[in-house]
Each structure stands twice: as C-alpha cells, then as structure tokens.
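J.: Sharing a structure here in structure tokens format.
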C-alpha cells in the first residue's frame with residue numbers, strides 16, 4: 119500500500135482517529151468509494167480501498183473484499199452525528215443499518231433494492247449542517263453529518279450566513295427569489311376572515327382547510343377567490359365517486375413551499391397554520407422544506423424509511439426468514455401477517471402494529487423478535503391477565519429459540535419473583551414493571567402489548583416504560599386501539615418509537631382541541647383535529663394497521679342492537695338533579711389512568727354509578743329473556759353492584775356460568791376462561807368490561823350483552839371483539855346494548871359516537887360511525 123502510518127488515519131467523522139485497516143464497516147467503505155472530488159484523509163482512504171481491491175491478498179483476497187463491499191448495497195452514507203442529549207446515544211454501531219433482503223413464503227424473494235439518492239446540504243440558524251436525502255425511500259441516506267466531513271468531501275453550502283433557504287432543486291431560484299416573484303405577481307389579493315390550515319392529505323399531497331370565524335369545524339370548500347388562487351396547483355380530483363381520495367383541492371407536495379408563500383403573501387385577514395417541521399421530515403416531497411434538524415439516528419432511519427446494519431446482518435445470515443423465525447411459525451403466518459413482519463423488520467424492529475383486534479398481532483411480534491434473537495433477553499410487557507398467554511404462545515411457536523423453555527421463559531408473578539441468569543424471555547405486567555427495579559434496564563428488545571396503556575404522559579407506567587422503549591434497540595408496540603379516546607393518547611407511543619422528533623405540546627396543539635374541562639376546571643387536550651394528517655403521518659412512519667373487513671373476508675358480520683330498558687324513576691330523579699346542578703353540559707373527560715378512568719367521588723362518577731343502579735332490575739329481566747333464547751352468551755358490566763345482581767339472577771336460574779372481574783385472582787382466570795371457551799362447561803360468561811376487554815378469545819359464542827356502557831369507545835370495541843375475531847365459525851355475531859333513557863347513558867352514548875368518529879379517522883383514515891341494526895323495533899336513544 120502507498121500510505122504510511124502517518125497518513126493512514128481518518129481525520130474526520132465517526133471514525134476519526136481510526137487507522138484504515140481498523141475500519142470494518144462495509145457501508146462506510148462503499149460510501150467513501152462513491153465520493154466524487156473528496157480530499158484529505160477521505161481521499162487517502164478511498165485510494166487505499168481501491169488499491170486493496172486491486173491487490174488484496176491475491177485472487178482470494180480480491181474476491182473476499184469484493185464480496186464484503188457487495189453487502190453494502192450501493193449508495194450509502196455514514197452514520198450521522200448523534201444528538202448527545204438524546205436517550206439513544208448508545209449502541210452507535212447498530213444505528214446505521216443496511217438494506218434488508220429476505221424471502222416471504224410462497225411469494226418468491228422479496229428484495230428492497232437500493233436506488234440512486236441525491237443529497238442536499240441545508241442550514242439552520244445555529245449554523246449546523248445536515249445532509250438531506252432526496253429521492254426514493256428505498257435508498258440510503260443520513261439526516262445529519264458533521265460539517266468538517268462535508269468540507270473535506272468538497273461539498274458546497276447552498277445557504278447564506280443568515281440561514282435563508284436556497285434552491286431546492288425544483289426549478290427556479292431559492293426562497294428569496296420566489297418570495298420576490300410572489301410579491302410582484304399579478305395575482306389579486308384575497309380576503310378571508312378566519313384560519314387557514316395546510317394539511318397532509320396523502321403521502322404525496324397536501325390540501326388547504328378553512329375555519330371561518332364564528333363557525334365550528336374545518337371545511338375543504340374553497341370560496342371562488344381562493345379556488346382561483348390555487349386551482350393551477352391542483353393535481354388530482356379529490357373526493358370524487360369511486361376514488362379513494364380525501365376531499366378538497368389536493369396539491370402535490372413538491373409545490374408546498376410555493377403555495378405556502380403564495381397564501382401568506384396574497385391572503386389578508388386570515389391566520390395561516392403551515393405544516394410543522396416534524397411532519398415535513400416524514401414525507402419526501404416536504405422534506406426539502408423542513409429546517410435543518412438533528413435527530414437520533416434510529417428516529418431518523420424510521421421516519422425516512424431506512425434500514426439498519428443489524429437488520430440486514432441477521433437476515434443475510436440465513437437468506438430468508440425461515441431460519442430465525444422457524445418453519446413452524448412461518449407456515450402459521452397468513453399473507454397479511456407476513457407483510458406485517460416484513461414491515462416491522464424493515465423498520466429495524468421499531469414499530470407499532472395497530473391491526474384490529476383478532477388479527478394475530480402476537481404472532482407478528484414473536485416473528486419480529488425472533489429475527490433479533492441474538493439480542494435477547496426480550497422483555498414482554500402486557501396486561502396482567504394475559505401474561506401466561508404470552509408464555510404459552512412463545513413456547514408453542516418459538517421453541518427453537520430456547521434450550522429449556524420452562525426455565526428460560528420467566529413470568530413475573532409478583533415483586534418477589536427472581537430472574538434467573540439464563541432467562542431469555544421475561545414476561546411482566548405494567549404494574550409489576552413499575553415496582554421491579556431489576557427490570558428497568560438492560561433490555562435491547564422489548565414488546566409492549568396493549569401499548570395504549572402508555573397514553574397518559576404523567577402515569578407511572580409511562581414514565582417507567584417509555585424511556586426503556588426509547589433506549590432499546592428493538593421496540594415492538596401492539597394495540598388494536600392505539601387511541602381509545604383522543605389523538606393525544608398516541609403521542610407517548612409515537613415518542614417511544616421515534617424519540618425526540620416532536621415535543622408533546624407541538625403534537626397536541628396540531629392534532630387536538632384545547633378545551634376547559636367543566637369538571638376539573640383545567641385546560642385539557644381533547645377531541646380530534648386534523649385526524650387525516652395524523653393517520654397519514656402514523657402509517658408513513660411507525661404504524662401498520664389492517665382491518666378485519668379488509669383481510670378476513672370470512673369473518674362474521676357484526677350486528678349491534680340498542681335495547682331500551684326501563685329505569686327506577688326515583689334514582690333517575692337523583693341523576694337529573696346531579697346533572698342539572700352542574701349548570702353545564704356534561705362533557706366526558708379522558709381518563710387520567712387506565713385503572714382509574716375518572717375520579718369516582720365527583721358528580722360525573724356518582725351519576726354513572728346511579729345509572730347502573732337505575733337500570734339493573736330491567737337488565738336482569740333482559741337476562742331472563744336471553745336465557746330462554748340463547749344457549750350460550752357473554753354479559754359485560756362495569757360496576758360491582760350490577761355484576762352482583764346479574765350473578766344472583768343467574769344463580770336463581772341455576773345457570774352454569776363463570777364470573778371474571780377485577781377481584782378474580784389471576785391464577786384462577788385462565789382456568790375459568792378455559793372452562794367456558796374450550797371445555798364448554800359454562801353457558802354464560804359474566805365479565806368486567808375493563809378486566810376482560812382484551813387478550814381473550816371467546817369465539818365459541820356469537821352473542822354479547824352489554825348491561826352498562828363505558829366512556830371509552832376503544833374499550834367497548836375491544837370487549838365486542840372477544841367474539842368477533844379469527845377462529846369464529848358463525849356467520850354473524852350479535853351485540854346488544856342496554857340503554858336507559860334520561861340517565862347518564864344519554865350522554866355517554868353521544869360521547870361514544872362522537873369519539874368513535876374521531877378515533878376511526880385517525881387510525882383508519884376514514885370516518886366511521888357505530889352501525890346499528892334496530893331489529894327490535896325501537897329507536898336508539900341519542
């Protein structure tokens with residue numbers, strides 16, 4: 119080699135101080151070889167690499183070296199500099215992963231191919247530089263590299279010292295010249311009294327929403343002056359029949375910068391809210407408009423759709439998923455589940471699987487963590503009631519990952535459970551995790567089941583688990599209802615998967631309404647604002663979500679019915695007095711914690727309790743009727759007084775039944791569920807909505823009766839889906855809601871409908887209403 123010991127040292131970047139022969143990162147080598155007009159130590163290293171490839175250690179050396187470089191898959195950039203304040207300042211070697219190649223069963227080889235990618239250096243007010251990737255998300259890039267490395271590569275700045283943006287490669291000059299053109303253009307000035315909001319509408323388009331002063335709700339309808347201003351940018355017809363597109367004027371994201379400046383210059387009397395930078399970073403068409411940003415590498419990789427060196431390394435070692443996941447589990451996965459596994463691994467094992475209840479999220483999560491089994495032990499955090507289900511599933515499907523499954527899979531039963539040194543999978547509940555210091559560090563792979571439990575930023579479970587997820591290499595979140603009430607519940611999950619991308623207040627102000635709670639007298643974030651954009655943002659970055667109606671055509675149809683029931687008028691009078699004493703319309707507030715949805719001593723809690731008492735006798739009468747027409751069914755309730763009354767009526771009928779609620783010992787629950795589901799030794803299952811709303815498969819029946827309502831729509835749907843899931847042999851499932859007029863049911867019912875519309879728009883991208891089949895001849899109470 120022509121280099122001497124004095125010159126064979128890298129002087130810049132992440133390998134500063136390293137000798138050439140000490141660098142084993144093939145992606146870094148390939149990047150250096152791809153540089154044009156570099157200088158200094160990078161030029162010396164490039165020359166050294168070329169000489170090594172030509173001489174090596176003879177023919178075998180050249181062959182080996184070429185093979186090594188081939189694994190780098192083309193145009194790769196070095197790992198970006200870390201934000202030293204980030205929680206992800208460790209595990210540096212794994213933060214710049216490569217592309218992923220693996221086989222899907224019966225579908226041939228699935229290859230994510232590299233593409234040519236251009237980069238743009240951008241500046242910010244503090245003078246930091248970043249390298250911005252332009253082009254396909256299948257390529258490789260970095261959001262941030264050191265300025266000295268840029269200088270040595272000979273890359274020129276295209277921004278001025280004041281931080282003003284230059285040309286973005288869209289034809290025409292930079293922002294200054296465009297601004298000048300806008301000010302001097304012949305477009306007439308438009309007046310609009312209200313607020314204008316630019317919103318991402320699809321992964322390629324954005325649109326303008328209007329909120330007129332004095333009115334509620336955003337509109338996509340544009341008055342003629344605004345239409346005339348924007349019509350030339352319109353690229354696709356939105357909202358037309360037969361097209362899966364949102365309404366309004368959809369504009370290609372490449373025109374965003376120009377349209378934003380045009381609205382700011384030509385519309386008077388209106389407040390303009392533009393698309394925030396954290397959203398811009400997630401979309402290739404908007405990314406050139408975002409300010410220079412330093413992000414943790416793992417976050418940057420995910421929001422840009424990039425892969426990681428460990429992801430490719432583990433898959434390349436077997437050439438397909440079968441070796442790591444196991445043939446048994448691979449054969450069990452359905453095509454859409456294989457797609458979910460591929461998607462999760464392509465996100466470097468950091469994702470939110472938001473498939474609807476009953477679509478097999480557990481199997482997908484086990485498949486993903488199996489790909490990274492050499493990074494175990496894996497920590498599984500789940501509701502207390504399904505800990506042993508996780509153990510059974512792991513033993514059944516991942517037996518090849520354990521030498522002695524019974525010893526290596528540890529279920530934390532209480533605070534005194536000891537973790538053996540050889541444990542490979544530790545399964546604990548949210549409550550026990552908070553109390554167990556030994557579980558709060560050291561895990562590189564974490565599964566968080568029912569991740570909506572993290573929705574409250576101030577809850578102990580969130581303060582404990584979210585930092586663990588942020589620090590872990592792999593963080594797989596699972597929830598069929600990631601948002602139970604409002605979009606703000608998604609922030610903690612988003613922040614756990616991609617830390618440091620957006621602050622809480624910025625996220626909340628963009629996607630939630632800020633209102634004063636009439637009960638707590640505090641300002642709170644509630645309601646859904648811009649749910650379509652949030653859905654596109656989530657599915658573009660961290661979440662994959664499939665609905666049962668789309669992937670399981672054989673699932674039974676779900677029929678909901680409202681059953682009006684009589685009430686004790688004396689108790690109804692007390693409820694009315696309570697509600698009227700507030701002198702305000704009751705507005706249900708999101709809960710402060712999963713186990714304590716609202717303060718039980720306040721007016722709303724008392725009215726809720728009295729509602730159950732007011733209708734309990736009528737609900738028991740309806741239970742009498744159901745016992746004569748249905749051989750087996752479920753009954754859901756919330757308050758103990760209601761469950762006690764229902765249980766007493768079942769005993770009077772000498773019916774065979776099980777009861778599972780919050781007071782049922784954990785070690786008895788599985789046996790009771792098995793008695794009902796598998797052994798069929800019970801005809802009625804009396805269940806708590808909150809204690810049994812998740813993790814249970816009760817598909818041997820097709821009817822569920824809700825004796826009470828519950829504030830949270832996601833919780834109600836989860837309870838419904840105990841019978842509406844894969845494995846059901848029925849053509850229809852029936853859900854009966856017992857509704858009491860002139861009680862709190864009226865308000866809770868309206869709240870459920872309103873919240874469900876907001877939640878479905880956010881999660882599914884389409885506003886849905888709770889559908890009811892009123893075949894009992896009565897109109898539901900609204």
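Residue numbers (the numbering used here): 119 to 900.
Glycine included, each C-beta is placed from N, C-alpha and C at the ideal position.
Note that the structure is a prediction, hence the values are computed from the model and not measured.
1. Quick one: measure Cβ to Cβ for residue 602 and residue 833, integer angstroms, because I've assumed they're closer than 8 Å.
2. With distances taken from CA atoms, which of 488, 804, 507 is nearest residue 777?
3. If you follow the beta strand (DSSP E) that residue 858 is in, where does it begin and where does it stop?
4. Output the distance between the C-alpha atoms of residue 376 and residue 571, rounded to the nearest integer angstrom.
5. Are the beta-carbon atoms of residue 750 and residue 690 separated by less than 7 Å?
6. Let me check understanding here. Comparing Cα to Cα, which of 551, 349, 604, 592 lies closest to residue 574?
7. From which residue to which residue does the alpha helix (DSSP H) around residue 722 run?
8. Count the C-beta pairs between the stretch 622–629 and the stretch 586–593 that are closer than 8 Å, then say yes if the count reaches three, no if not.
9. Whole angstroms are fine: how far does the CA of residue 807 sit from the CA of residue 827?
10. Rounded to a whole number of angstroms, what is the C-alpha to C-alpha distance between residue 476 and residue 840?
11. Can you tell me whether residue 843 is buried or exposed, with buried defined as 16 or more other CB within 10 angstroms of its CB?
12. Which first and last residues belong to the beta strand (DSSP E) in which residue 448 is found?
13. Run through DSSP, which three-state label would residue 568 get?
14. Have a look at residue 327 and residue 401 and give me their C-alpha separation to the nearest angstrom.
15. Determine the DSSP secondary structure at residue 322, reduced to helix, strand or coil.
16. Under 7 Å, do residue 596 and residue 483 count as touching if we go by C-beta distance?
17. Pull up the CB-CB distance for residue 371 and residue 322, whole angstroms please, since I reckon it's below 8 Å.
18. Just checking my contact of residue 662 with residue 461 at CB under 8 Å: how many whole Å lie between their CB atoms?
19. Is it true that the stretch 555–566 meets the stretch 513–527, where meeting means three or more beta-carbon pairs spaced less than 8 Å apart?
20. In angstroms with no decimal places, state the Cα-to-Cα distance between residue 825 and residue 795.
21. Buried or exposed: residue 858, going by 16 or more other Cβ atoms within 10 Å of its Cβ?
22. Report the start-end ranges of each alpha helix (DSSP H) in the stretch 781–809 that is 4 residues or longer and not cut off at the edges.
23. Let me check one thing: in DSSP terms, what residues is residue 389 bridge-paired to?
24. Just the C-alpha distance for residue 348 and residue 367, rounded to the nearest angstrom, thanks.
25. What's the call for residue 137, buried or exposed, on a 16-neighbour Cβ count within 10 Å?
26. If we count Cβ pairs, one from each stretch, closer than 8 Å, do we get three or more for the stretch 502–514 versus the stretch 863–878?
27. With a threshold of 8 Å on Cβ separation, who are the neighbours of residue 127 within its own chain once the five nearest residues in sequence on each side are excluded?
28. Is it buried or exposed, residue 407, if we count other Cβ atoms within 10 angstroms and call 16 or more buried?
29. Cα-Cα, which of 594, 627, 599, 598 is closest to residue 614?
30. Use the C-beta contact count for residue 538: other C-beta atoms within 10 angstroms, 16 or more gives buried, fewer gives exposed.
31. Tell me the DSSP bridge mates of residue 659?
32. Looking at the C-beta of residue 741, does it have a partner C-beta in chain D at a distance below 7 Å?
33. Leaving out five residues before and five after residue 384 in sequence, what residues of the same chain have Cβ atoms less than 7 Å from its Cβ?
34. Tell me, which residues are paired with residue 754 by DSSP?
35. If you reduce the DSSP assignment to three classes, tell me which class residue 775 lands in.
36. Around the Cβ of residue 148, are there at least 16 other Cβ atoms within 10 angstroms (buried) or fewer (exposed)?
T.: From the atom records:
1. The Cβ separation is near 6 Å, so the contact holds.
2. 804
3. 850–858
4. 42 Å
5. No.
6. 604
7. Element bounds for residue 722: 721–747.
8. no
9. Roughly 9 Å between the two C-alpha positions.
10. 8 Å
11. buried
12. No beta strand (DSSP E) contains residue 448, which is instead part of the alpha helix (DSSP H) from 445–450.
13. coil
14. 19 Å
15. coil
16. yes
17. 6 Å
18. 5 Å
19. no
20. 21 Å
21. buried
22. Listed in chain order, the alpha helix (DSSP H) runs fully inside the stretch 781–809 are 784–795, counting runs of at least 4 residues.
23. Checking the DSSP bridge columns, you'll see residue 389 partnered with 313.
24. 8 Å
25. exposed
26. no
27. 135, 136, 137, 138, 159
28. buried
29. 594
30. exposed
31. Assignment of beta-bridge partners to residue 659 by DSSP yields no partner.
32. Checking the listed chains, one finds no chain D in this structure; it contains a single protein chain.
33. 305, 307, 308, 347
34. 805, 824
35. strand
36. buried
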